[in-house]
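Note sheet for the following structure.
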Amino acid sequence: TQLLEQSPQFLSIQEGENLTVYCNSSSVFSSLQWYRQEPGEGPVLLVTVVTGGEVKKLKRLTFQFGDARKDSSLHITAAQPGDTGLYLCAGPLWVAGGTSYGKLTFGQGTILTVHP
Amino acid sequence: NAGVTQTPKFQVLKTGQSMTLQCAQDMNHNSMYWYRQDPGMGLRLIYYSASEGTTDKGEVPNGYNVSRLNKREFSLRLESAAPSQTSVYFCASSYGDHTDTQYFGPGTRLTVL
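So the protein sequences, as listed, match chains A and B. Numbering-wise, the first sequence is residues 554 to 669 according to our numbering. Numbering-wise, the second sequence is residues 63 to 175 according to our numbering.
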């Protein structure tokens, strides 16, 4: 069972279309991060959202953190072929009796393909 | 700055063989991590090191050992490789706590036959 569930798992769209990727959990997270990974490379951080209800914009990408801090979404406007990649959400994993220091749990990822 | 480097990039092992994956960072980061990535599973934390001289288990530590050799280097050892350890392994580092950016290496693709 994934602590963070991403949907959809696969997304294939045409250049210029809009899309939304969702990251949901039954647990509360103090923050959520979104990463993008290209084939053969490691993930690269896009954004961190910390406050419930927060909205962050990065050019054509809009990130939202749910009010209850259990979910997040990534919306891409006018997708381009360069947006193709694996998108991962991640949040700190709390261990009973310990701390969450530097430990992240990841969603299973959304593979986005944008066709020219 | 090279960032986070990993060696080797590819490795094929036979069941029962041992090997060490090397990771180094040149960003003066305090925390370092080892993840494995499997299709449909995202990344799962194997071990992490919050500071030089300390290590702790993550979600999937069985079958692995780690060494934080110094502030720069964090190695992952498979003592007796099993086919279930076939995966892509990523090393990452961050300066501070869980909200800090984690910087990932390019990964090691390991196949255990």
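Cβ atoms here follow ideal geometry from the backbone N, Cα and C, with glycine treated the same way.
Contacts between phenylalanine 659(A) and chain B, judged by CB atoms closer than 9 Å, involve Tyr97, Gln99, Met103, Gly104, Leu105, Arg106 and Leu107 in chain order.
Around proline 168(B), the beta-carbon contacts reaching into chain A at under 8 Å are Gly593, Glu594 and Gly595.
Residue pairing from DSSP places phenylalanine 563(A) in a beta bridge opposite Ile664(A). Between the C-alpha atoms of aspartate 100(B) and leucine 572(A) there is a straight-line separation of about 25 Å. The beta carbon of proline 145(B) sits closer than 6 Å to the beta carbons of Val174 from its chain, once the five residues preceding and following it are set aside; these are given in chain order.
Under the three-pair Cβ rule at 8 Å, the stretch 617-630 of chain A does not count as touching the stretch 67-83 of chain B. Using a Cβ-Cβ distance cut-off of 8 Å, the stretch 559-573 of chain A and the stretch 128-143 of chain B are not in contact, since fewer than three pairs of beta carbons, one from each stretch, lie closer than that value. At least one CB atom of chain A sits nearer than 7 Å to the CB of phenylalanine 152(B). Within the DSSP secondary-structure output, alanine 86(B) pairs in a beta bridge with Thr67(B) and Glu135(B).
Annotation: glycine 104(B) to proline 596(A) spans about 11 Å, alpha carbon to alpha carbon. Under the DSSP definition of a beta bridge, glutamate 558(A) partners with Asn577(A).
Only exposed fits glutamine 633(A), as fewer than 16 other CB atoms lie within 10 angstroms of its CB. Think of a sphere of 9 Å around the beta carbon of glutamine 73(B): no beta carbon from chain A falls inside it, the nearest being about 15 Å out.
The stretch 578-587 of chain A makes contact with the stretch 598-607 of chain A; the number of CB pairs closer than 8 Å reaches 3 or more. By the rule that beta-carbons nearer than 7 Å mark a contact, lysine 623(A) does not touch chain B.
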